Ligand SMILES: Nc1ncnc2c1ncn2[C@@H]1O[C@H](COP(=O)(O)OP(=O)(O)OP(=O)(O)O)[C@@H](O)[C@H]1O
Ligand SMILES: [Mg+2]
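Protein chains in written order, with the UniProt record's numbering: chain A, 1 to 256; chain B, 1 to 259.
Shown next as structure tokens:
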């Protein structure tokens, strides 16, 4: 059991029609660390993340969460597990028909018996954590994409999860807000005892700034994994090309 | 020879995919029923959907019912007049409204309004990853999105069909009184004589089934939408078309049991 971390994906395979997305992916998320998953667009990063929360089921392979095999688990078991995982989706995935307050308090309303006044306080608090003013009454279509993502992040934090998954938290944000989100991810990671975070990102600066561990996905597998230092000093052509975002290298299409 | 094989393969594929689709729909139905009888029971959401289904369709139902009743009265009056039995037109209109036209027309209208909106809303939530997000927060999306809509439709449809019947009879009554000069007493005596309470109940039972049919189909189509805004449009169209046809087929089957 000791070699299995909070999340272990073993020899994961997933195919959509003819599109082989995951081709034997092995990924062991280091416990209590801030890990990054990087890779080209369409490499299956979001698909990998959806396997961690059981929204997609593997064609083959194993998913272990907290030392428990989940690949054959039923929905009830998954629902229990998911309450301890906070997920920020790529576009925020806020509910259009609910205002910001109801969006952020959605997990609280569904899983706890908190009073309304306490909930209001909690939502205000969550909003200030992600650097937003009191916009409880606004509806998602009135918000900018950056604001929507931050509301999504507040919602992911609402149940004080042990594992946080971020799908491209800083994409489509201005550099200042991106920096704020990076700091937020780092702070959340450091402030909350025993927190494990996994961030999917294209943003090589934030990877180098805050990552403690990096997984580089390529052709449905983990092509490279290690600390940022190891990543930087790697002699591998593909890794070097990804780091510089350059046109020259084994990858035909430029990355980022 | 080769062409025949190709044809067989083609037809076989159609049969297989139809059966596969049916199988998936039955699994979906099972899930809906399971979450209908197991907690959490989302009373607030059910009321929200009741209001939605009712509000969306009630005005159209009033107008449609009035004119359907009036037109039926006009047409039947022509025939009944031949036998000097204009007094029976209310009864004939009432019977057909109660047994068939009320529930079926109501079903069509509600599909076009509420059913299409349900399919579009759920499909949008699917393609924008909102359903994934619901699931990711440990909430079952069938329980949260589908069950309240199905329950609300099942409750609301017989109410709307009842309104349709009542307004339709009023429409017919006005034609009878002002156009055919039928006596009010005669109109209602004949109505009571021909239209039994059991007819009304049969019609409302039909409407209840129709509510279940259109809501599950609309939610199912929305739930399985894929591929952006185009997918939302496709899901909505399919929900309406399949819903309409299913109501007609369902009507035939239920009627077989009722007569
Ligand atoms: N539910 C699905 N059905 C069919 N194909 C899918 C589904 N989800 C993902 N895919 C396909 O899997 C591949 C990987 O998608 P994924 O969203 O994981 O990419 P990604 O690495 O997150 O890319 P990006 O950085 O652009 O978000 C894509 O080709 C996509 O079309
Ligand atoms: Mg992605």
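Built from N, CA and C at the ideal position, the CB exists for glycine as well.
Note that the structure is predicted; figures quoted are calculated from it, not measured.
Nearest to residue i by alpha carbon, out of the options?
i	options	result
residue 217 of chain A	A/210, A/201 and A/87	A/201
residue 232 of chain A	A/46, A/20, A/222 and A/209	A/209
residue 48 of chain B	B/130, B/153, B/5 and B/105	B/153
residue 37 of chain A	A/224, A/94 and A/141	A/224
residue 282 of chain B	A/19, A/75 and A/71	The displayed coordinates of chain B run from 1 to 259. Any statement about residue 282 of chain B would go beyond what the structure contains.
residue 71 of chain B	B/219, B/148 and B/174	B/174
residue 263 of chain A	A/100, A/29 and A/64	With chain A covering only 1 through 256, there is no way to say anything about residue 263 of chain A.
residue 193 of chain A	A/35, A/182, A/31 and A/69	A/31
residue 184 of chain A	A/135, A/129 and A/163	A/129
residue 254 of chain B	B/36, B/165, B/228 and B/103	B/103
residue 40 of chain A	A/229, A/215 and A/236	A/215
residue 35 of chain B	B/233, B/142, B/235 and B/250	B/142
residue 37 of chain B	B/217, B/151, B/156 and B/81	B/151
residue 95 of chain B	B/1, B/198 and B/249	B/198
residue 241 of chain B	B/11, B/107, B/134 and B/256	B/107
residue 44 of chain B	A/19, A/77 and A/110	A/110
residue 136 of chain A	A/145, A/120, A/144 and A/70	A/120
residue 9 of chain A	A/34, A/48, A/245 and A/127	A/48
residue 211 of chain A	A/69, A/186, A/114 and A/71	A/186
residue 144 of chain B	A/106, A/116, A/244 and A/112	A/106
residue 98 of chain A	B/28, B/53, B/134 and B/58	B/134
residue 144 of chain A	A/162, A/161, A/160 and A/171	A/171
residue 225 of chain B	B/85, B/165, B/250 and B/118	B/118
residue 251 of chain B	B/223, B/105 and B/188	B/105
residue 46 of chain A	B/29, B/26 and B/132	B/132
Can you check whether the CB of residue j is closer than 7 Å to the CB of residue i?
i	j	result
residue 90 of chain B	residue 192 of chain B	no
residue 188 of chain A	residue 6 of chain A	no
residue 27 of chain A	residue 61 of chain A	no
residue 69 of chain B	residue 169 of chain B	yes
residue 130 of chain B	residue 93 of chain A	yes
residue 207 of chain B	residue 221 of chain B	no
residue 221 of chain A	residue 17 of chain A	no
residue 54 of chain A	residue 21 of chain A	no
residue 142 of chain A	residue 90 of chain A	no
residue 161 of chain B	residue 204 of chain B	yes
residue 111 of chain B	residue 60 of chain B	no
residue 247 of chain B	residue 212 of chain B	no
residue 201 of chain B	residue 98 of chain B	no
residue 231 of chain B	residue 127 of chain B	yes
residue 115 of chain B	residue 214 of chain B	yes
residue 206 of chain A	residue 182 of chain A	yes
residue 219 of chain B	residue 113 of chain B	no
residue 164 of chain A	residue 86 of chain A	yes
residue 213 of chain A	residue 88 of chain A	no
residue 65 of chain B	residue 167 of chain B	yes
residue 303 of chain A	residue 199 of chain A	Nothing can be reported for residue 303 of chain A: it is not among the residues displayed for chain A, which extend from 1 to 256.
residue 132 of chain A	residue 150 of chain A	yes
residue 102 of chain A	residue 140 of chain A	no
residue 14 of chain A	residue 58 of chain A	yes
residue 156 of chain B	residue 245 of chain B	no
residue 126 of chain A	residue 104 of chain A	yes
residue 146 of chain A	residue 123 of chain A	no
residue 68 of chain A	residue 51 of chain A	no
residue 243 of chain B	residue 259 of chain B	no
residue 236 of chain B	residue 172 of chain B	no
Any chance the stretch 77-88 of chain A sits against the stretch 135-148 of chain B, with 3 or more Cβ pairs inside 8 Å?
-> Cβ pair count under 8 Å is three or more, so yes.
For the stretch 113-129 of chain B against the stretch 15-22 of chain B, are there 3 or more C-beta pairs whose distance is under 8 Å?
-> Contact fails between the stretch 113-129 of chain B and the stretch 15-22 of chain B, because fewer than three Cβ pairs, one in each stretch, are under 8 Å apart.
In the stretch 123-186 of chain A, which residue ranges form an unbroken alpha helix (DSSP H) of at least 4 residues, counting only runs that do not cross its ends?
-> Complete alpha helix (DSSP H) runs here, min 4: 145-157.
Does the count of Cβ pairs from the stretch 175-184 of chain B and the stretch 73-83 of chain B closer than 8 Å reach three?
-> At 8 Å Cβ cutoff, the stretches touch.
Whole alpha helix (DSSP H) elements within the stretch 43-116 of chain B, 4-residue minimum = Note on the stretch 43-116 of chain B: whole alpha helix (DSSP H) runs with a minimum of 4 residues are 43-82, 89-96 and 102-110, in chain order.
Where are the alpha helix (DSSP H) runs, 4 residues long or more, that stay fully inside the stretch 32-111 of chain A, in chain order?
-> Those alpha helix (DSSP H) runs which fall completely within the stretch 32-111 of chain A and span 4+ residues are 45-52, 75-82, 100-104 and 106-111.
Check each residue's C-beta against every heavy atom of ligand 1 and list, in chain order, those closer than 5 Å.
-> For ligand 1, the selected residues are A/16, A/21, A/41, A/42, A/43, A/44, A/45, A/46 and A/47.
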